[in-house]
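All remarks here apply to the structure that follows.
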Amino acid sequence: MRASGILLHISSLPSRYGIGTLGHAAYDFVDFLVSSGQSRWQILPVGPTGYGDSPYQSFCAFAGNPYFIDLDILHEQRLLEAGELPPADDKNPARVDYGALFKERFAILRKAFSRGSPRDKADVDEFAANNSDWIYDYAFFMALKERFGYAPLIEWEKPIRLREPAAMEAMRRELKAEIDFYIYIQFLFFSQWENLKRYAGLNGVRIIGDLPIYVSPDSADVWANPGLFELDEELRPVMAAGVPPDGFNKNGQLWGNPVYKWDTHESSGFEWWIRRIKASLTLFDTVRIDHFRGFDSYYSVPFGESTAKNGVWRKGPGMKLFDALKAALGSADIIAEDLGFLSDEVKALLKSAGFPGMKVLQFAFDPCGQSDYLPHGYGRNCVVYTGTHDNDTTAGFFKSADREDALFAAEYLGVHPGVSQTKTLIKAALASVADTAIIPMQDYLELGSGARMNFPAGPGSYWTWRLEQGSLTRRLSQEIAHMSALYGRRPPVPGMRKIAPREFSGKLRLLLSAKYGAIPETAGIYQLHGAIAVAVRELTLPDLEASVEVFKNRKRVYYFSAEFLMGRLIFNNLYCLGILDEVKELLAGAGTDIGDLEKIPDAALGNGGLGRLAACFLDSAATHDIPLDGYGIRYKYGLFKQSIKAGFQREEPDDWAKNGDPWSLRCDADAVTVRFADIEVKAVPYDMPVFGYGTRTVGRLRLWQAESPIPFDFELFNEQRYTKAIREKNRAEDISRVLYPNDTSARGKILRLRQQYFFSAASLADMIRVFTKTHGEENILRFPEYHAVQLNDTHPVVSIPEFIRILTDGFNVDFNAAFAAAGRVFSYTNHTVMSEALETWDMKLFASILPRVAKIIEMLDERLRRELSISKLSAAEAEEMRIIAGGKIHMARLAVYVCHTTNGVAKLHSEILKTDLFGSWHALYPGRFQNKTNGVTQRRWLGLCNPELSALFTRLLGTDAWLNDLTLLRKLKKFAEDKSVINEFAAIKQRNKRRLSEYIEKTHGVLIPPDFVFDVQIKRLHEYKRQFLNAFSILDIYYGIKEGRIILPQGAAFLFAGKAAPGYFR
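Under the numbering used here, the sequence shown is numbered contiguously, ending at residue 1921.
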């Protein structure tokens, strides 16, 4: 299968503290790869770097680099306090300063060791036992290096260097604490690595690691296994590895690594190599073996030479090694680095081994046209690169290339003036027949030579390049995804499927006839609506099935929200499926204006921005092929239907589904029982499809309807006790009857609490049912690997203690382990700083309804109390952070405490959260707070609702890609002074204003001239929503006109729309 990926080393990630790490930036890069249509991430060796900071000169062939341990994760794990973190690298310098890292990083890691070593002892002991073939030698080696002032191995005291037993035992006792420290930081590295690799795998990304053929002379490998290398009696290399003079360096490359005693390796059955390859294949999905030709024949230089000119070629192990590997490990996913001059014997070895080799396009452009690296000569079993870490960036390559080479490359690639040479080379790689194409990140960013990772002749000043913050833009992601799809390398996600008009017409007529006994010409709007919805659902069933299949092993996002303000689904769904115009024509042909379907009420499942944000999340996720499901409540009456009488709001039931809900599918088989202290309720799911725009991905909104397990007591009814016969039915159905019931009384508060727990408990039960069916109950602690739950405001925060209750009571998980799992699963979005929206519950009331969940909250509060007691906060500050305070449960505090991230919905709002509302929390857990500015889906709010303006934008931009990437609208700036465009824009606006004016006159009997300025505010009515400020502004304008201070040549009309909560009085 054709695939593509990106080469970017861990150290180059834009992490916060001086070097790339295995933390959030790494996870973000996996997400970037997925959104870019990439399925491979290639990195360089991840071992602990030694002199020259080269990943190819490591202190151990099996160990991980401590610099890659993410400090923010350690902070989140309570292994570091906020004050112990180094200053955040907010400016993100373009280079790694290894000297600075060496001075401060290990001191920080020692603090984590002091806290974590006792806590993690059992896990560390198990880790060490599983890696006993190398971990103790490595840890001892590093402790000794520190003891000897980091001198190289050859300068150590002879008894230790030669591992004399008495000296070893004495030093082992002396350095026990240091040995334990180095074991512990390897435990941290591998723990973080395994989590990252698992995340990548769940998202369909395979990691390609790098295995250097040689090891460093100053390494635990040489110290512990001297008999495997050509060394003298003092452990000094006799012969050193390198390559002869070549295009990189006229003196050759003198690496300095000791060469192997291949006869000794062969006599042991290549035991050391089998362990090494096995460890690498555990660490990575695919292993690139560096300098593959060295297994056929290797270049050996007498140790101490100043150049590599006087070396000789010697015979390597050949297929004997790879036969042994195959016998021990079976089929291994290996890439052979077969660059440079290859003899016929090397080519034969590669063919016999069956590994894919490498093709580097920068090596291709010899004017003679005979290079093996030219794409027309490739076979499929290879990996093509524009360049590797040893090459210049492609931009730098073209800038410094010989004139003849550059001319040949331009002719071969078809490069023309004004065309990017870098992008042309990338496209050549992607278009080739090679099974896999890997492009360095620097090339996608079109960076120059300053971003080069390494120059083989001089390692001292290289390996330091870092990716700048903000480089991985959505625009770049979409560009990469487009190229990958264009050349058939995008992973198999559902592609766009166009429903044929004839197919849809036939299905619609069939459904109208079968269900209503009608035809399009005679059907009413509700009949048409129902038939169109069912036709769409049936015709997109293959898309739904494909989405389930594609994403079945991917981590999914679950959006818990009390509101989903979806709008009229029929227009949005037809628009996303690309058949709105066809259906419009079909209905027009039958004598029906599609606009008549506006009379269909939208699903009353939300009220304001919170619900609309939830709906936009669902739309965006499906459009960008992100597996996301929404969970909420299927309200029978929603908020209410509003009317205005004598200037006051009047509320009436909004029975939005009385004429059917054809977009939803009832799923009785997935019903869940939700238990309160005094009642059991049946939660029945209704599934609503969410269609992505321009893709076959179908998301799901699952809404729970509350019903009684015993809906009707026939015996009581027979006794003519009619009210009691349906009392339990009504008690249950009340839970999903109305959005935001009036909670000014205790009964109202109880109903609200029941609502929040009802959908939270049902949703978690549903998720866990699916997980255990797939992965088994014994793997419940792997639940966070497959599930991320976003809590949309504070209503669903009760999900957190409920999740912990399920794990502790249902699966016998230790409370602390359940707490840690919850922290990995949940994230929290805060929408407002208003105290009434932060959800506090009277502890007694809460416990009377949910006693076990209340107990879990008490345990969380006690855990927090212990943490706060050892913090630097004052007693008063600590008390303000308690989850339970003053007899009340503070749900927002609970969310911030457990969730791994808390975000606001605007930059200013997020700053207020950090500096005011959650200021103490931010001081204690700074890494948990983020900003995610609310956006809207341009597909509904521009493409669908303003087709004339959308058509103008598409024509001006020459593409409709802005419907998936709103940043493209920036290109419209160049038309800001174009009078013809401005006039067309104004004409569209005027026509839209005229339509609104006509609608207002028709529905309200008020005539507003279209030439007036329309000042519109649509928002939930509340004093903090600023309608008062707007009203005062109107008064000021009015009096200003009266007094002559203000002139409005065209007049102005002020339009308000919104609902106020029924219990909101002033």
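Positions of the beta carbon are idealized from the N, C-alpha and C atoms, including for glycine.
Considering A1733, what are the terminal residues of the alpha helix (DSSP H) in which it resides?
Along the sequence shown, read from residue 1 onward, the residue named residue 1733 stands at position 878. Segment A1730 to M1736, the alpha helix (DSSP H) holding A1733.
Bridge partners of H1745, per DSSP?
Numbered from its first residue, the sequence shown carries residue 1745 at position 890. Beta-bridge partners of H1745 (DSSP): T1695.
Using three-state DSSP, classify G1790 as helix, strand or coil.
Within the sequence shown, residue 1790 is the residue found at index 935, counting from 1. Three-state result, G1790: coil.
Roughly how many whole angstroms lie between the Cα atoms of T1792 and F887?
In the sequence shown, the residue the question calls residue 1792 occupies position 937. In the sequence shown, the residue the question calls residue 887 occupies position 32. Separation of T1792 and F887 (C-alpha to C-alpha, rounded to the nearest whole angstrom) is 20 Å.
In terms of residues, what are the limits of the beta strand (DSSP E) holding W1168?
Residue mapping note: residue 1168 aligns to position 313 of the sequence shown, counting from 1. Note, W1168: beta strand (DSSP E), V1167 to K1170.
Using the C-alpha atoms, what's the distance from Y1240 back to A858?
Here the question's residue 858 lines up with position 3 in the sequence shown. Here the question's residue 1240 lines up with position 385 in the sequence shown. Straight across, the Cα-Cα distance linking A858 with Y1240 is about 12 Å.
If we call anything under 9 Å between Cβ atoms a contact, is I1040 one with L964?
Translated into the one-based positions of the sequence shown, residue 1040 becomes position 185. Translated into the one-based positions of the sequence shown, residue 964 becomes position 109. If you check the CB distance, I1040 and L964 come in under 9 Å.
Would you tell me roughly how many angstroms separate the C-alpha atoms of P1314 and D908, rounded to the nearest one?
Position 459 of the sequence shown, counted from the start, is the residue given in the question as residue 1314. Position 53 of the sequence shown, counted from the start, is the residue given in the question as residue 908. Caution applies to P1314, whose pLDDT of 45 falls short of 50 and renders its modelled position unreliable; the value that the coordinates give is listed next. D908 has its alpha-carbon roughly 8 Å from the corresponding atom of P1314.
Closest by C-alpha distance to Q1905, when choosing among I1863, L1424, H1877 and F1883:
Reading the sequence shown from its first residue, position 1050 is the one you call residue 1905. With distances taken between Cα atoms, Q1905 lies closest to I1863.
If distances are taken between C-alpha atoms only, which option among L1876, L1890, L1903 and F1909 comes closest to Y1919?
Numbered from its first residue, the sequence shown carries residue 1919 at position 1064. Cα-wise, what sits closest to Y1919 is L1876.
In the DSSP output, which residue or residues are listed as bridge partners for Y820?
Only positions 856 to 1921 of the chain appear in the structure, and residue 820 is not among them; the question remains open.
Residue(s) in a DSSP beta bridge with F1503
Residue numbering aside, residue 1503 sits at position 648 when the sequence shown is read from its first letter. K1500, per the DSSP bridge assignment.
What do you get for I1434, buried or exposed, if any count of 16 or more other CB atoms within 10 angstroms of its CB means buried?
Indexing the sequence shown from 1 puts residue 1434 at position 579. Burial state of I1434 is buried, judged by a 10 Å Cβ sphere holding 16 or more other Cβ atoms.
My parser needs the alpha helix (DSSP H) runs of 4 or more residues fully inside the region 1069-1148; what are they?
If we require 4 residues or more, the alpha helix (DSSP H) runs fully inside the region 1069-1148 come out as 1075-1079, 1117-1122 and 1126-1138.
Classification of Y1879 by the beta-carbon crowding that lies within 10 angstroms, buried from 16 upward:
The residue labelled residue 1879 in the question sits at position 1024 within the sequence shown. Its Cβ having fewer than 16 others within 10 Å, Y1879 is exposed.
Considering only the alpha carbon of each residue, which of H1120, F968, I1659 and N1685 lies closest to F1674?
The residue labelled residue 1674 in the question sits at position 819 within the sequence shown. Comparing Cα positions, the closest option is I1659.
For R1321, tell me which candidate among Y872, K1844, F1773 and N1236 has the shortest Cα-Cα distance.
By one-based count along the sequence shown, residue 1321 stands at place 466. The shortest C-alpha separation from R1321 is found at Y872.
Got a sec? Which residues, its chain only, sit under 6 Å from L1066 by beta carbon, not counting five neighbours each side?
As a working note, residue 1066 is residue 211 in the sequence shown. Excluding residues up to 5 positions away in sequence, S1135, V1142 and I1144 lie with their Cβ nearer than 6 Å to the Cβ of L1066 in the same chain.
Applying the criterion that 16 or more other CB atoms from any shown protein chain within 10 Å of the CB defines a buried residue, is Y1595 buried or exposed?
Start at 1 with the first residue of the sequence shown, and residue 1595 comes out as number 740. When all chains shown are included, Y1595 counts as buried.
Limits of the beta strand (DSSP E) - the one that F1177 falls within:
Walking along the sequence shown from the start, residue 1177 turns up at place 322. Here F1177 belongs to no beta strand (DSSP E); instead the alpha helix (DSSP H) covers M1174 to L1184.
Would you tell me roughly how many angstroms separate the C-alpha atoms of W1078 and P1007, rounded to the nearest one?
Stepping through the sequence shown from its first residue, residue 1078 is reached at position 223. Stepping through the sequence shown from its first residue, residue 1007 is reached at position 152. Spanning the two alpha carbons is a distance of roughly 11 Å.
Just the Cα atoms here: how many angstroms apart are T1695 and G1741?
Taking the first residue of the sequence shown as position 1, residue 1695 is located at position 840. Taking the first residue of the sequence shown as position 1, residue 1741 is located at position 886. Cα to Cα, the separation comes out at about 11 Å.
For Q1560, which three-state DSSP category applies?
In the sequence shown, counting from the first residue as 1, residue 1560 sits at position 705. Shown here, Q1560 sits in a strand according to DSSP, grouped into three states.
Who are I1873's beta bridge partners in DSSP?
Here the question's residue 1873 lines up with position 1018 in the sequence shown. A1912.
Near K1410, which residues of its chain fall below 8 Å by C-beta distance, leaving aside the five closest residues on each side in sequence?
Within the sequence shown, the letter at position 555 stands for residue 1410. The beta carbon of K1410 sits closer than 8 Å to the beta carbons of Y1054, L1057, N1058, P1482, E1640, Y1641, H1642 and A1643 from its chain, once the five residues preceding and following it are set aside; these are given in chain order.
Using CA coordinates, which residue listed in L1429, F1044 and F1419 is at the minimum distance from G1485?
Translated into the one-based positions of the sequence shown, residue 1485 becomes position 630. Here the closest residue by C-alpha is F1419.
Same chain only: Cβ atoms within 6 Å of K1828, ignoring 5 sequence neighbours per side:
Within the sequence shown, numbered from 1, the residue matching residue 1828 stands at position 973. Around K1828: no qualifying Cβ.
Residues that K1537 bridges to, as DSSP identifies them:
The residue given as residue 1537 occupies position 682 in the sequence shown. T1528 and E1562, per the DSSP bridge assignment.
The alpha helix (DSSP H) spanning P1295 covers which residue range?
Here residue 1295 corresponds to residue number 440 of the sequence shown, with the count starting at 1. Element bounds for P1295: not the alpha helix (DSSP H) but the beta strand (DSSP E), T1291 to P1295.
Return the CA-CA distance between V1708 and I1062, expressed in angstroms with no decimal places.
The count along the sequence shown starts at 1 and reaches residue 1708 at position 853. The count along the sequence shown starts at 1 and reaches residue 1062 at position 207. Going by the C-alpha atoms only, they are around 41 Å apart.
Applying the 10 Å Cβ sphere with the 16-neighbour rule, what's the burial state of C1223?
One-based indexing of the sequence shown puts residue 1223 at position 368. Residue environment: C1223 is assigned as exposed (fewer than 16 neighbouring CB atoms within 10 Å of its CB, all protein chains considered).
Closer than 7 Å by C-beta to L1367: which residues in its own chain qualify, once you throw out the five before and the five after it? Chain order, please.
If you number the sequence shown from 1, residue 1367 lands on position 512. A1373, I1374, P1375, A1378, Q1382 and A1386, listed in sequence order.
Is it buried or exposed for G875, if we count other Cβ within 10 angstroms and need 16 for buried?
For the purposes of this step, residue 875 is identified with residue 20 of the sequence shown, where counting begins at 1. G875 counts as buried, since at least 16 other C-beta atoms from the protein chains shown sit within 10 angstroms of its C-beta.
Taking three-plus beta-carbon pairs below 8 Å as touching, is the region 1548-1564 in contact with the region 1723-1732?
In short, these stretches do not touch, since the Cβ pair count stays below three.
Determine the burial state of Y1854: buried for a count of at least 16 other Cβ atoms within 10 Å of its Cβ, exposed for fewer.
Numbered from its first residue, the sequence shown carries residue 1854 at position 999. Residue burial annotation: Y1854 is exposed, with fewer than 16 other C-beta atoms found within 10 angstroms of its C-beta.
Please go through the same chain and pick out, in chain order, the residues whose beta-carbon is closer than 6 Å to the beta-carbon of G1798, but skip the five residues on each side of it.
Start at 1 with the first residue of the sequence shown, and residue 1798 comes out as number 943. These residues qualify, in order along the chain: S1805 and L1818.
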